[in-house]
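Undergrad: Shown below is the structure under consideration.
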Amino acid sequence: MSVGDFIRNSQIWKSIFRHPAPRDRRNRVVVVLTNVFLHLHPVSVRKSGIALSYTWCMGGLTFFLFLVETVTGVLLMFYYRPTLEHAYNDILALRDVTTLGVLREMHRWGAHAMVIAIWLHMYRVFLTGSYKPPREFNWSVGVILLVLTLLLSFTGYLLPWDQLAIWAITVGSNMARATPLVGHEGPFASLLTIGDAPLIHSGSDARFLLLGGRFVSGDTLLRFYVLHCVAIPLVVAMLIAVHFWRVRKDGGISGAL
Amino acid sequence: MHETLPRSFQVGLAGYYLLCAGLNFGFAHFYMNRPKLRLAWAISGFIFALHTIVYLLTAATNPELGPVIPHVIVDTTNRIFDHIWGPILYFVGSCVGFAALLYWRKQLTEPTVAIAFLKITLFISGWSMTNPDFRSIITKADNVPIVMLMFTVGFFTWFGLRRAVINDELIAQNKPVLEKDDEKVLVWPDLVYTELICMIIATAVLVVWSIALEAPLEQPATNAKAPNPSKAPWYFLGLQEMLVYFDPWMAGVVLPTMIIIGLIAIPYIDFNPKGNGYYTFKERPFAVTTFLFGFLVLWVVLIVLGTLLRGPNWNFFAPFEYWDPHKVVPLNNVNLSELFWLGVVGDPTFLREGGSIGSIIIRESPGILLTAIYMLALPPILARTVFRNYFIKMGFLRYFMLITLLQFMASLPIKMVLRWVINLKYIVYIPEYFFNI
Ligand code: HEM
């Protein structure tokens, strides 16, 4: 008996995988059906639908990069404290002191790559017309995912708390104060008043809500940290589940009929 | 005079050319049974290989010599470019290129043409890297994704259009398209192994990238001193570029919102049932052209512009130009109301700011009128003329959505052209309420 067979016949192995090795048709079906992760997939797919020339693997790559970001991100959270006192120095330590400081590089470059991958995924879905009925809704879910991915990237950009970070966020969030009606320099915001007092001012407008202050400060750092590490990832994870569920319920990956 | 290239950089360039040479010899091998092409690819392979040898030799002996030839050429083009380069040439050039790509897509996506194009790009990139200004921008760690973006978007645009061209020919001959097949395969092993291999490759690339390139970390944050230029993250630089033509409430709030709404609306507007599940151009020319224009020209091209060509004070700099913080670009933009009351009527009395709402409306009446025509009168006119067929097929609501989105999309190029042609700043200028278009 070979070692492989010995392992496969052990009680431990059998308790985890409830079927013989996936070498014949029946067991190749069962392996997908009995495994909660593989069960994201259907059992069989159209050959052209999974061809690299069709999907460019970009949806899958986006998902994989999301997982990479989650893992490296959790590990980075052990080292990083989102306060004015510590933030910059913690990142500096990741570069100069920490043994696995390369995690920061992986997290950062993975984030950039995810943005590119998600654009290319959308590009492919458009070019193959895969948003057409019955997949309209899944396209819309995808657009929300796209927006959230950009927001994830944007909120993360602030965390190193260096010049690059705060000024990029300042430039980006300055837009919010120009929001029509609810930004204090936005069109017609001055029309909203209670008696003589303006309702919308720099301490009550959309930008204040986003930054937790009148300018990018320690409160902003905390706010972006929570959004970046908890709030947005949770929503994204949930929507990815919806997205995958719908790919299957809408009849699997699209293809020529 | 030119700066010397650092020795290590010359070795890097040698490696780059070696890769390119290998690529060319690979192509030459692939075109085994087409002697002429094979010869052409082999010759270009030798040219690349020659660069490798020269750079290795100069790096080993006298680094002063290495970049002389490329430098002379880059400097000369630099001087020519300096005078004609600008946002106008860049953007209009991109539009023309885009139109040409779609019109001659059959010829241009021909693999030999595409390969030749790739090689010219690689060649020019290598030579450009000898220019210190170009190099300092391209090799900024956070700009590396832009280079990736340009190459991947370029590649997949070629790939998608190529498949579309082939499919269109198949359809014309009543043959099944490339994606047509009824064969089913099991997820284990066919899909899971593809996924596994993709994951391994992606991980390998990411690990190498992370070890090779250090993530940027600048000076600690301070509110006291803003860097010049202050840039948003690269994926938002298309939006930041729009700030040249629009106020923040349009460029940063309204237009992004319209982009998101527009993307979500696409499946509900596009009523054409054809082209579902395969690449095609001829079966949905309008949809593909519009989306590609939005994605390639209004998004990617503007991001590249914002990242690589916008320097201090958001001034435009040619690729080989030094980012001089003291560069002065005269700003003499005027508002439509000024053009009208001063230029046409010749009487500035109505131009006064801060009056009653009535006087504001009179002051801005030319712009308000034009905007009203654009937003309100244009849709019904188009519905009766150019878009008549669409209107009948789509029904009112879909048509209304489509036109509104197109109007917002077109507002950017319109504003650009007005700025370049008549130096127009705002069509409607109501600073009293922060309402400037
Ligand atoms: C976190 C982001 C996303 C992930 C992880 C993701 C993942 C995937 C995966 C794995 C597939 C299977 C086919 C393929 O790989 O191409 C898929 C299909 C699809 N995706 Fe996404 N996607 C994301 C974002 C988007 C976006 C931004 C859009 C469009 C705006 C979109 C629209 C679609 C549609 C319509 C399908 C069905 C395509 C077909 O049946 O051919 N997704 N997605």
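If you read the protein sequences in the order shown, they are chains Y and D. Using my numbering, the first residue of the first sequence is number 1, and each one after it goes up by one. Using my numbering, the first residue of the second sequence is number 1001, and each one after it goes up by one. Ideal Cβ positions, reconstructed from N, Cα and C, are used throughout, including at glycine.
(1) Between Gly1238 (chain D) and chain Y, is any beta-carbon pair separated by less than 9 Å?
(2) Among the candidates D:Met1242, D:Glu1218, D:Val1304, D:Lys1184, whose CA atom is the shortest distance from the CA of Met1148 (chain D)?
(3) Looking at the ligand HEM, does it come within less than 8 Å of Ser153 (chain Y), judged from the CB to the closest heavy atom?
(4) Measure how close the beta-carbons of Leu1237 (chain D) and Lys1231 (chain D) come, nearest whole angstrom, since I'm counting them as under 8 Å.
(5) Does any residue of chain Y bring its CB to less than 9 Å from the CB of Leu1298 (chain D)?
(6) If distances are taken between C-alpha atoms only, which option among D:Lys1036, D:Tyr1278, D:His1029, D:Arg1419 comes closest to Lys1180 (chain D)?
(7) Could you name each continuous alpha helix (DSSP H) segment of 4 residues or more that falls completely within the segment 1244 to 1279 of chain D, going from the start of the chain to the end?
(8) Taking the alpha carbon of Thr1157 (chain D) as the point to measure from, which residue in D:Leu1102, D:Ala1287, D:Lys1119, D:Leu1013 has its own alpha carbon closest?
(9) In chain D, which residues lie less than 7 Å from Ile56 (chain Y) when you measure between Cβ atoms?
(10) Going by the C-beta, is Ile1259 (chain D) closer than 8 Å to any heavy atom of the ligand HEM?
(11) Out of D:Thr1052, D:Pro1070, D:Gly1160, point me to the one whose CA is closest to Ile1124 (chain D)'s CA.
(12) Beta-carbon within less than 8 Å of Val1271 (chain D)'s beta-carbon, same chain only, minus the 5 sequence neighbours each way: which residues are those?
(13) Can you tell me where the alpha helix (DSSP H) holding Leu1018 (chain D) begins and where it ends?
(14) Using the rule of at least 16 other Cβ atoms within 10 Å of the residue's Cβ for burial, across every protein chain shown, is His39 (chain Y) buried or exposed?
(15) Taking the alpha-carbon of Phe63 (chain Y) as reference, which of Y:Pro22, Y:His86, Y:Leu120 has the nearest alpha-carbon?
(16) Name, please, each residue of chain Y whose Cβ falls closer than 8 Å to the Cβ of Arg1284 (chain D).
(17) Determine the contact status of Val1297 (chain D) and Ser1094 (chain D), defining contact as a CB-CB distance below 9 Å.
(18) If you reduce the DSSP assignment to three classes, tell me which class Lys1184 (chain D) lands in.
(19) Using three-state DSSP, classify Met1001 (chain D) as helix, strand or coil.
(20) For Met1150 (chain D), I'd like the list of residues in its chain whose CB is within less than 7 Å of its CB, leaving aside the five on either flank, ordered along the chain.
(21) Within 10 Å of its beta-carbon, does Met1001 (chain D) have 16 or more other beta-carbons around it, so buried, or fewer, so exposed?
(22) Would a check of beta-carbon distances place Met1001 (chain D) closer than 9 Å to chain Y?
(23) Please name the residues in the segment 21 to 46 of chain Y whose beta-carbon is closer than 8 Å to at least one beta-carbon of chain D, in chain order.
(24) What separation, rounded to the nearest whole angstrom, lies between the Cα atoms of Leu1178 (chain D) and Leu257 (chain Y)?
(25) Alpha carbon to alpha carbon, what distance is there between Glu1283 (chain D) and Leu1191 (chain D)?
(26) Can Cys57 (chain Y) be considered in contact with the ligand HEM, in the sense that its beta carbon sits closer than 8 Å to one or more heavy atoms?
(27) Hey, does Glu1214 (chain D) have any beta-carbon neighbour from chain Y nearer than 9 Å?
(28) Nearest chain C C-beta to Gly212 (chain Y) closer than 9 Å, yes or no?
(29) Shorter than 9 Å from the beta carbon of Leu1217 (chain D) to some beta carbon of chain Y?
TA: Let me lay it out:
(1) no
(2) D:Val1304
(3) no
(4) 6 Å
(5) no
(6) D:Tyr1278
(7) 1255 to 1269
(8) D:Leu1102
(9) Ile is not the amino acid found at residue 56 (chain Y); the sequence shown has Trp there. Here the neighbours are Phe1156.
(10) no
(11) D:Pro1070
(12) Val is not the amino acid found at residue 1271 (chain D); the sequence shown has Phe there. Lys1393, Met1394, Arg1398.
(13) 1007 to 1030
(14) exposed
(15) Y:Leu120
(16) Gly129
(17) yes
(18) strand
(19) Only weak support exists for where Met1001 (chain D) lies, its pLDDT of 41 falling under 50; the value from the coordinates is given anyway. DSSP places Met1001 (chain D) in coil when its eight states are reduced to three.
(20) Val1304
(21) Reliability fails at Met1001 (chain D), whose pLDDT of 41 lies under 50, so the model's placement of it is uncertain and the value that follows must be treated cautiously. So Met1001 (chain D) ends up on the exposed side.
(22) Only weak support exists for where Met1001 (chain D) lies, its pLDDT of 41 falling under 50; the coordinates are left without a value.
(23) Pro22, Arg25, Arg28, Val29, Val31, Val32, Leu38, His41, Pro42, Val43, Ser44, Val45, Arg46
(24) 11 Å
(25) 30 Å
(26) yes
(27) yes
(28) Absent from the structure is chain C; the protein chains it does hold are Y and D.
(29) yes
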